[in-house]
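Just below is one structure, and these are the notes that go with it.
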């Protein structure tokens with residue numbers, strides 16, 4: 001039979017109220033008594049009734065994490081960073097995978113509210129108006145990771161996606177490339193990947209290179225879309241390089257080029273984005289724009305826990321540094 005709070009109080013020689021104060025980290029209990037209570041909890045293997053506790057405190061010590069695609073290596077690494085911080089502060093995680101489906105995303109937001117989570121770490125596929133309206137209605141602490149929305153003043157942690165894409169395309173231009181294709185999210189999508197298209201366009205414009213729609217393929221971040229996209233581009237025009245808004249897209253592109261007898265990087269340079277683990281072991285190893293993926297999760301979780309505890313945020317929109325990683329998919 002599981003130990004009760006009464007058993008702990010009896011073992012420690014204190015009142016039930018004192019045990020409750022120790023469990024809720026109330027400072028009025030002296031250090032010696034606190035140690036005695038904690039020793040009794042450990043000895044008896046006592047675990048608090050989370051349901052009863054949450055009804056009383058209106059806190060569940062549970063945080064929801066919404067991700068668009070669990071099969072994408074980018075998101076599990078963010079979750080790992082977030083979970084490590086949550087564990088330090090004794091929070092549990094409820095993970096929701098939306099499969100890039102807006103309706104599923106909205107349903108999960110409602111479910112998390114019903115489950116009384118203390119807050120949400122949110123990686124949205126697309127911050128469309130109906131999503132933002134639902135977020136306002138639900139009224140729980142939230143931090144956006146990867147995307148940002150300053151208009152609604154939602155706290156966020158990101159990189160400068162436009163500048164990162166600009167730097168990646170500028171690197172391709174510096175290598176002598178002038179016919180640079182783009183495969184990734186389009187202007188009608190409201191997420192971080194779509195912002196990268198702006199960086200692509202700006203880099204071309206500032207280097208007096210014409211924007212050619214035949215060299216552009218809008219799609220989501222999966223490898224199969226990169227494979228399909230580059231084949232469609234090659235059927236319409238000639239290119240010397242490709243900027244991809246994810247490493248998975250870049251991997252799909254390289255596989256398609258290989259199947260077409262085109263060498264990377266001898267014939268065409270390919271650049272990815274994110275620097276997932278697979279980028280460093282795929283052949284050829286991907287030149288890519290690196291995001292501090294783990295740190296995005298850990299910083300976002302620290303921000304969220306501060307909000308839950310009603311602590312002031314020194315910065316509501318953290319912009320972490322990006323880095324260009326040179327490997328083998330672009331000419332040296």
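Numbering (the UniProt record's numbering), first residue to last: 1 to 332. Where a beta carbon is used, it is the ideal one built from N, C-alpha and C, also for glycine.
In whole angstroms, give me the CA-to-CA distance for residue i and residue j.
i           : j           : result
residue 250 : residue 224 : 10 Å
residue 310 : residue 179 : 51 Å
residue 113 : residue 217 : 37 Å
residue 141 : residue 281 : 38 Å
residue 219 : residue 246 : 11 Å
residue 147 : residue 30  : 45 Å
residue 110 : residue 102 : 13 Å
residue 90  : residue 208 : 54 Å
residue 55  : residue 125 : Residue confidence is low: residue 55 scores 48 on pLDDT, short of 50, so the model does not pin down where it sits. No coordinate-derived value is stated.
residue 160 : residue 195 : 9 Å
residue 117 : residue 83  : 15 Å
residue 34  : residue 123 : 40 Å
residue 63  : residue 115 : 10 Å
residue 38  : residue 306 : 26 Å
residue 16  : residue 291 : 49 Å
residue 139 : residue 65  : 16 Å
residue 259 : residue 165 : 27 Å
residue 59  : residue 272 : 42 Å
residue 24  : residue 314 : 26 Å
residue 330 : residue 193 : 21 Å
residue 332 : residue 174 : 11 Å
Compute the distance between the beta-carbons of residue i and residue j, then report whether it is under 8 Å.
i           : j           : result
residue 149 : residue 132 : yes
residue 119 : residue 304 : yes
residue 163 : residue 186 : no
residue 92  : residue 47  : no
residue 299 : residue 320 : yes
residue 215 : residue 230 : no
residue 155 : residue 143 : yes
residue 326 : residue 287 : yes
residue 40  : residue 2   : no
residue 296 : residue 121 : no
residue 285 : residue 328 : yes
residue 128 : residue 190 : yes
residue 289 : residue 167 : yes
residue 172 : residue 74  : no
Take the Cβ of residue i as the centre, count every other Cβ of all protein chains shown within 10 Å, and call the residue buried at 16 or more, exposed below.
i           : result
residue 45  : exposed
residue 181 : buried
residue 176 : exposed
residue 248 : buried
residue 72  : buried
residue 370 : Shown here, the chain extends from 1 to 332; a query on residue 370 therefore has no answer.
residue 88  : exposed
residue 137 : exposed
residue 211 : exposed
residue 158 : buried
residue 18  : buried
residue 86  : buried
residue 183 : buried
residue 135 : buried
residue 130 : exposed
residue 14  : buried
residue 275 : buried
residue 221 : buried
residue 32  : exposed
residue 261 : exposed
residue 283 : exposed
residue 105 : buried
Looking only at its own chain, which residues have a Cβ that is under 7 Å from the Cβ of residue i, when we skip the five neighbours before and after it?
i           : result
residue 170 : 203
residue 255 : 227
residue 294 : 77, 80 and 81
Can you find the residues in the same chain that come closer than 6 Å, C-beta to C-beta, to residue i, ignoring five residues on each side of it along the sequence?
i          : result
residue 97 : 67 and 70
residue 22 : 29, 34 and 37
Can you list, in chain order, the residues of its chain whose CB lies under 8 Å from that of residue i, leaving out five sequence neighbours each side?
i           : result
residue 257 : 230, 263, 264, 267, 268 and 270
residue 201 : 211
residue 99  : 68 and 69
Looking at the ligand MG, does it come within less than 7 Å of residue i, judged from the CB to the closest heavy atom?
i           : result
residue 170 : By its list of ligands, the structure shown contains no ligand whatsoever, and the ligand MG lies outside what it can speak to.
Quick check on residue i - is its C-beta less than 8 Å from some C-beta in chain D?
i           : result
residue 182 : Considering every chain present, this structure includes no chain D. It has just one protein chain.
**Q.** Uninterrupted alpha helix (DSSP H) stretches inside the segment 192-222 (no shorter than 4 residues)
**A.** 192-206
Q: Return the chain-ordered ranges of every beta strand (DSSP E) run that is complete within the segment 263-309 and spans a minimum of 3 residues.
A: 269-274 and 287-290
Q. In chain order, which beta strand (DSSP E) runs of at least 3 residues are fully inside the segment 149-191?
A. 156-159 and 180-184
Q.
Restricting to runs no shorter than 4 residues, where is the alpha helix (DSSP H) found entirely within the segment 52-100?
A. 74-88
(Q) Could you tell me which whole alpha helix (DSSP H) segments of length 4 or greater appear in the segment 229-269? (A) 247-259
Q.
To test your reading of the DSSP string, which unbroken beta strand (DSSP E) runs of 3 or more residues are found completely within the UniProt domain "HTH lacI-type" (3-57)?
A. none
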